[in-house]
Each structure stands twice: as structure tokens, then as C-alpha cells.
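Engineer: Sequence positions in the sequence shown follow mature numbering (1 follows the signal peptide of the UniProt record, and there is no 0) and run -19 to -1, 1 to 232.
All C-beta atoms, glycine included, are put in the ideal place defined by N, C-alpha and C.
Model, not experiment: these values are computed from the prediction.
Please see the structure below; I have some questions.
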Amino acid sequence: MKSFSVILSILLLSGIVNAQEKPLSGPTKRPEHIDPTPDQKARRQQSEAFCKEHDIPIFKNPHALFVDAESKVTIRETDTVLDRALALCYIGMKGEGMPDEQLAAVAKDWKIMDKLSPKEKEFIAAERPTPQQRTDAIWRYESLHVLLWAMGFIDSLGYPDQQCSVTNDLKVLHDLTEQQLRAKATLRSKKEILDQADLILRIHWAIEDARAKGDPVPGGINPDVVQERYCALNWLIRNLGLDWDDVQTNT
């Protein structure tokens, strides 16, 4: 895909754009007095062990703050996840200010208009996106990173203290055609995805709890990385059954 090669070359020469910080969404109250299933309990214990290892505070109430049990979750289909990944990649490139001619070539190759959400279509149609719109778009690379992991293109997500390697992630998409990507993508197990969803839920809570108390972010975490992972994982597990534009990232 020649047009994408040009864009990737630009990224390799110029380096990854460092997105500015953006505010976390405010907290909302989750249902309390939950009677957790065995897999919910085990997942929570695993996440809390991770948090303790990294000096991340633990949510104390044993009857609240859970992702849904495995029996109640249906992960998004592989083709749907790949469509969303391509859309996020395109949005990130648009946010970085890639020339319209090159973006148009990628959009044609990926039939991108069929994959974008309504709000994403508004963004790409804007003649002069605001700096905040561009910043938000660039941060979508972190959500893309999660989806590449979910499809098996990345081995692990890693500790959320720094931004992902955008260049490496773009190489994943550049090296294969869309048809080859669909053939190679293998969605991870429900357990693996829910394990990450539970962990990021607890890390996100710790960040917001620290913010409410006026304390430093615990564990050296990057709040924006956590925010984007939280968004992507909530979408993957169909949290509240919401589409991409409406996914909630409140704890």
C-alpha cells in the first residue's frame, strides 16, 4: 500500500507525536452490593495483587467495582475489532496532520468511511480541527494499541506508565493488506480480555481517587494511557452495550 508507506516513512523520520495531557472524565457511582461470581472474585484478587506490587491503592469495598462475569459478557467480533482498529489508526494520522492527499489514499484503500463512528466523521470533515480535537485524536493510538493486542498482533500491553510505540503499531498495519490482517487476526480469550478490563478498572479508580484527594498519581502511571485503555477495553467487552462514541470511562 504505497500511500500508507509514505505516511509511515513520515512518522519514522519525524518521530512520534507526543500528545498533550487531557482531563479524565469525572467519576460516577457503580452499582454496589454485588454478589460476585467465582471468576469475578479471582479476577479481582489477581488485579489487586498487581496493584499492590506497584504501590497502587486498592478499592476496599468487597461488594462493588467489578467487571461483569464471564457468563454475561460477549466480546466484540474479530472483524468488528479490526474495523475499529483501522478507524482509530486513520483518526490518529488525521490528528497528526498528515496531508489530505495521503489520508484520502488510505481512506480509499481501507474503505474507511464505512468504519468511522459518527463523531469521527465529524472530526475528519472539519476544515480546521481545534488543537484539543487533534490531541484527542492522537491519543486514540493508545486505544488502537489495545485492539492490536486483543487481536494477537501485540504480545502484551505492558505497564501503563508510558505511551505505546506508534511506529511499531503502524508497522503491524502497514506490513499486511486488510485481507491479510483479517486472516491473521485471532481474538484473545474472553478471560484474557476481562482480566485486562478488570485491572484497568482498578487502576483508573486509583487515579481518580488520588485526584479527588489532591494526591500524586500512584505507581508512576500515565493517566491518559489508562483512559484510552479503559475506553478500548470497555468497548471490547460491550460494557453497558454502548457504541464507540458513547463508551463510558467513569469509575
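Suppose the cutoff is 6 Å on Cβ atoms and the five residues either side in sequence are ignored; what does the same chain contact list for Gln21 look like?
Structural biologist: For this step, residue 21 is matched to residue 40 along the sequence shown. Around Gln21: Phe47, Ala50.
Engineer: What's the gap between the Cα of Lys102 and the Cα of Pro19?
Structural biologist: The count along the sequence shown starts at 1 and reaches residue 102 at position 121. The count along the sequence shown starts at 1 and reaches residue 19 at position 38. Whole-angstrom Cα-Cα distance: 42 Å.
Engineer: Have a look at Glu108, Leu214, Ser146 and flag the residue whose alpha-carbon is nearest the alpha-carbon of Lys171.
Structural biologist: In the sequence shown, counting from the first residue as 1, residue 171 sits at position 190. Among Glu108, Leu214, Ser146, the Cα nearest to that of Lys171 is on Leu214.
Engineer: How big is the Cα-Cα spacing for Thr9 and Glu82?
Structural biologist: On the sequence shown, residue 9 is found 28 positions in, with the first residue counted as 1. On the sequence shown, residue 82 is found 101 positions in, with the first residue counted as 1. Note that Thr9 scores a pLDDT of 38, beneath 50, so its modelled location is shaky; the value from the coordinates is reported in the next line. So the alpha carbons of these two residues sit roughly 42 Å apart.
Engineer: Indicate the three-state DSSP secondary structure (helix, strand or coil) for Ala174 in the structure shown.
Structural biologist: As a first step, residue 174 must be located in the sequence shown, where it is residue number 193. The question names Ala, but residue 174 in the sequence shown is Ile. Ile174 falls in the helix class under three-state DSSP.
Engineer: Starting from Trp216, trace the alpha helix (DSSP H) both ways and give me its first and last residue.
Structural biologist: To locate residue 216, count along the sequence shown from 1; it is residue 235. From DSSP, the alpha helix (DSSP H) with Trp216 extends over 204 to 217.
Engineer: Pair every Cβ in the region 196 to 203 with every Cβ in the region 141 to 152, then say whether three or more of these pairs are closer than 8 Å.
Structural biologist: yes
Engineer: So, helix, strand or coil for Arg25, using DSSP?
Structural biologist: Here residue 25 is taken as the residue at index 44 of the sequence shown, counted from 1. Here Arg25 sits in helix by DSSP.
Engineer: From which residue to which residue does the alpha helix (DSSP H) around Cys145 run?
Structural biologist: Along the sequence shown, read from residue 1 onward, the residue named residue 145 stands at position 164. Unbroken run through Cys145: none, as it is neither H nor E.
Engineer: Alpha carbon to alpha carbon, how far is Leu125 from Lys165? Give it in angstroms, no decimals.
Structural biologist: Position 184 of the sequence shown holds residue 165. Position 144 of the sequence shown holds residue 125. Lys165 and Leu125: Cα-Cα distance of roughly 17 Å.
Engineer: In this structure, does DSSP put Glu123 in helix, strand or coil?
Structural biologist: Locating residue 123 in the sequence shown gives position 142, counting from the first residue. Note: Glu123 maps to helix in three-state DSSP.
Engineer: To the nearest whole angstrom, what separates the beta carbons of Leu84 and Lys92, a pair I think is in contact under 8 Å?
Structural biologist: Position 103 of the sequence shown, counting from 1, holds the residue named residue 84. Position 111 of the sequence shown, counting from 1, holds the residue named residue 92. Contact flag wrong, Cβ pair sits at about 14 Å.
Engineer: For a test of the three-state rule: what should DSSP assign to Phe134, helix, strand or coil?
Structural biologist: In the sequence shown, residue 134 corresponds to position 153, counting from 1. Correct three-state label for Phe134: coil.
Engineer: Within 10 angstroms of its Cβ, does Gln113 collect 16 or more other Cβ (buried), or is it exposed?
Structural biologist: By one-based count along the sequence shown, residue 113 stands at place 132. Exposed, since its Cβ has fewer than 16 Cβ neighbours within 10 Å.
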